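Reading the sequence shown from the start, the letters are residues 3 to 522 in the numbering used here. Even for Gly, the Cβ is constructed at its ideal location relative to N, Cα and C. A quick note: this is a predicted structure, and the numbers were derived from the prediction, not measured.
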Amino acid sequence: MSYSEQHDQPTVCHIGETRKPVEPCTIVIFGASGDLTARKLIPALYHLAKDKQMPPDFRIIGFARREKTDETWRQELRTALDQFSRTKPVDEPVWKDFSAKVFYCVGDLTDAAAYQKLEQKLTGFGSAPLRKNLLFYLATQPSQFGAVVQQLHDAKLLHKENGVHGWQRIVVEKPFGHDLASAHALNAELTRFAHESQVCRIDHYLGKETVQNILMFRFSNSIFERLWNRESVDHVQVTVSEKLGVGERGGYYEEAGALRDMVQNHMLQVLSLIAMEPPVSLEAEAVRDEKVKLLKSIRPLTADNVAKQVVRGQYFAGAVDGQARPGYRQEPKVNPASNVETFVAMKLLIDNWRWSGVPFYLRTGKNLPQSASEVRIQFRPTPSVLFAAQCGQNLDANALTLRLQPNEGISLHFNGKVPGISTQVRPVRMHFSYDAEFGAYTPEAYERLLLDAIAGDATLFIRRDEVETAWQIVDSIRAGWNDKPLTNREFYAAGTWGPIAAEDLLAQLGHEWHEPQVIK
Numbered sequence: 003m004s005y006s007e008q009h010d011q012p013t014v015c016h017i018g019e020t021r022k023p024v025e026p027c028t029i030v031i032f033g034a035s036g037d038l039t040a041r042k043l044i045p046a047l048y049h050l051a052k053d054k055q056m057p058p059d060f061r062i063i064g065f066a067r068r069e070k071t072d073e074t075w076r077q078e079l080r081t082a083l084d085q086f087s088r089t090k091p092v093d094e095p096v097w098k099d100f101s102a103k104v105f106y107c108v109g110d111l112t113d114a115a116a117y118q119k120l121e122q123k124l125t126g127f128g129s130a131p132l133r134k135n136l137l138f139y140l141a142t143q144p145s146q147f148g149a150v151v152q153q154l155h156d157a158k159l160l161h162k163e164n165g166v167h168g169w170q171r172i173v174v175e176k177p178f179g180h181d182l183a184s185a186h187a188l189n190a191e192l193t194r195f196a197h198e199s200q201v202c203r204i205d206h207y208l209g210k211e212t213v214q215n216i217l218m219f220r221f222s223n224s225i226f227e228r229l230w231n232r233e234s235v236d237h238v239q240v241t242v243s244e245k246l247g248v249g250e251r252g253g254y255y256e257e258a259g260a261l262r263d264m265v266q267n268h269m270l271q272v273l274s275l276i277a278m279e280p281p282v283s284l285e286a287e288a289v290r291d292e293k294v295k296l297l298k299s300i301r302p303l304t305a306d307n308v309a310k311q312v313v314r315g316q317y318f319a320g321a322v323d324g325q326a327r328p329g330y331r332q333e334p335k336v337n338p339a340s341n342v343e344t345f346v347a348m349k350l351l352i353d354n355w356r357w358s359g360v361p362f363y364l365r366t367g368k369n370l371p372q373s374a375s376e377v378r379i380q381f382r383p384t385p386s387v388l389f390a391a392q393c394g395q396n397l398d399a400n401a402l403t404l405r406l407q408p409n410e411g412i413s414l415h416f417n418g419k420v421p422g423i424s425t426q427v428r429p430v431r432m433h434f435s436y437d438a439e440f441g442a443y444t445p446e447a448y449e450r451l452l453l454d455a456i457a458g459d460a461t462l463f464i465r466r467d468e469v470e471t472a473w474q475i476v477d478s479i480r481a482g483w484n485d486k487p488l489t490n491r492e493f494y495a496a497g498t499w500g501p502i503a504a505e506d507l508l509a510q511l512g513h514e515w516h517e518p519q520v521i522k
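Encoded structure:
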């Protein structure tokens, strides 16, 4: 091996080797007959077992009302795994070993006797860790969380003091409330019988490799962190676009809308990771402290400035990729006169030293031209001398784009000379691709999140004060809308990038939206 080859070898730092070892435990899935279990949870647990990431001994119990035996449930899960597994075909020896640890418990969530049956099943495993170390996954309606937690407490399966009775943790899915008041009440129900440290609020977005990589990119590369402030950054754009319309989810969307469905969780999560200060350590609470500080630094939106800083929209009939799409008001289970938003764009200002005066633009919507999630850091334009003096608006400002999906990667946009006798300047891109560098393998978000829940690592789960701070922001926006009807400038055709009002929002400061570019 030559000198250059020796010194070009990448140096790998194995931070993950300090992860707390996973202990034998039982995972109990409430609402086990639902879609989430078949599509996401069981495939994720199967792949963790396949990759030898699960504890040395474990059991999985599905808890639901439908009458099933252990064997019939295993058969159902195997059929689902054939369809939803990210690796195919299913590994038969792995499945045989995995399925032998899968059981089913029939019971109603409100029936105390059903929890006694669950306790008997746990005792029947004959192992103290399998009986005492319990992960309860509540794949149920949020309105049922309180009842399940109380029943677990009454059955002495959930203990608020960890240690003597092993450990117990509760995993809950979004939507976590529908406003600040309901989120506060839900938190109170959960923490009545469990410590905050035992509650894992899942946002699957945080389990995505590319979202996790935001912190790695920022805080392990000094060249970028030095630019990550108001001195260098002109503005930031966060886009989460979806090609799909509301479809069969019209009933849910009428209650949620884009603001509750995407902004309150996914988009504010990404914003907090992009803009937060460096945590003092990689410990879970240190990271979560900084995320909450960032959200609390967002300038409050009042009824007066919501109209100037937030745009809503709703799609009408159009076409996406040449396929006709109905308008939102024509979708199933949607009010024909609905004013629910299917698109939101907003300008947020962060009142801290790092970001003072830098606008953060967020947008998300249904029936847009493509499905993509990305963050674009737009740097300040070049001073108007030399090339900038001659090119004017034709000289692009530098930008850094973090593509979260699809074509996951990071691109740096800068200007270069076009080869030839004449002097021409053109934007060029330096691109890092996850696929090219690391191969196509990317674990599902639920794999990482379930493993962290088993290990007791809370870094990627959302803390109570973070949830409530996010709802404060969203509630202030809804109060500003105050049930006002949509205007003509707030409608957009399916297959376009949103309403005209969204363009006006950026034009206030001379900015414009950058459409995500899918890299072929």
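- Of the candidates K368, D454, I379, K368 places its Cα closest to the Cα of Y494.
- For T142, no alpha helix (DSSP H) encloses it, and the DSSP letter there is neither H nor E.
- Rounded to whole angstroms, L111 and Y139 show a C-alpha spacing of 13 Å.
- Per the DSSP secondary-structure output, A401 pairs in a beta bridge with Q380, H415.
- Unbroken alpha helix (DSSP H) stretches of 4 residues or longer found wholly inside the segment 247 to 322: 252 to 260, 270 to 277, 286 to 299, 305 to 311, given in chain order.
- Judged by pairs of C-beta atoms under 8 Å, the segment 360 to 379 touches the segment 233 to 246, as three or more such pairs exist.
- Around the C-beta of K162, fewer than 16 other C-beta atoms lie within 10 Å, and the residue is accordingly described as exposed.
- Using a Cβ distance threshold of 8 Å, K245 and L370 count as a contacting pair.
- For N215, the closest alpha carbon among the candidates R465, Y436, M348 is that of Y436.
- Going by DSSP, K119 is part of no beta strand (DSSP E) but of the alpha helix (DSSP H) stretching over 114 to 126.
- Inter-residue distance for Q271 and D205 is about 9 Å (C-alpha atoms, whole angstroms).
- In the structure shown, the three-state DSSP call for T28 is strand.
- Excluding residues up to 5 positions away in sequence, T28, L124, T125, F127, G168 lie with their Cβ nearer than 8 Å to the Cβ of R133 in the same chain.
- Look at M218 here: in three-state DSSP terms it is helix.
- In its chain, beyond the 5 residues on either side, L182, A185, H186, N189 have a beta carbon closer than 8 Å to the beta carbon of E470.
- Of the candidates D291, G329, S274, the residue whose Cα lies closest to the Cα of L351 is S274.
- The alpha-carbon separation between V308 and H268 amounts to approximately 20 Å.
- Pairing F434 with I412 gives a Cβ-Cβ distance under 8 Å.
- From the listed residues Q474, I300, K486, D37, the smallest Cα separation to N341 is found for K486.
- Annotation: P361 is outside any alpha helix (DSSP H); the continuous beta strand (DSSP E) that includes it extends over 361 to 367.
- Around the CB of S358, fewer than 16 other CB atoms lie within 10 Å, so the residue is classed as exposed.
- Annotated as proximal: L160 and V151, with beta-carbon spacing under 8 Å.
- Contact between the segment 304 to 318 and the segment 220 to 231 is absent, with fewer than three C-beta pairs closer than 8 Å.
- Around the C-beta of P91, fewer than 16 other C-beta atoms lie within 10 Å, and the residue is accordingly described as exposed.
- Partner residues in the beta bridge of S435, as assigned by DSSP, are G411.
- Counting only the Cα atoms, W355 lies some 10 Å from E279.
- Taken atom to atom, the span from the alpha-carbon of A286 to that of I62 is near 26 Å.
- Note on geometry: alpha-carbon atoms of L406 and V322 lie some 22 Å from one another.
- Counting along the chain, no alpha helix (DSSP H) covers S243; the unbroken beta strand (DSSP E) around it starts and ends at 235 to 243.
- Between the alpha carbons of V289 and L296 lies a distance of about 11 Å.
- Segment contact: the segment 245 to 256 against the segment 446 to 460, fewer than three CB-CB distances shorter than 8 Å; contact not assigned.
- C-alpha of V173 to C-alpha of Y207: approximately 15 Å in a straight line.
- V24 has its alpha-carbon roughly 42 Å from the corresponding atom of K349.
- The C-beta distance from T366 to A260 rounds to 6 Å, short enough to fall under 8 Å.
- Distance from the Cα of P361 is smallest, within the candidate group Q372, P429, A347, for A347.
- One Cα belongs to E256, the other to E333, and the distance between them is close to 11 Å.
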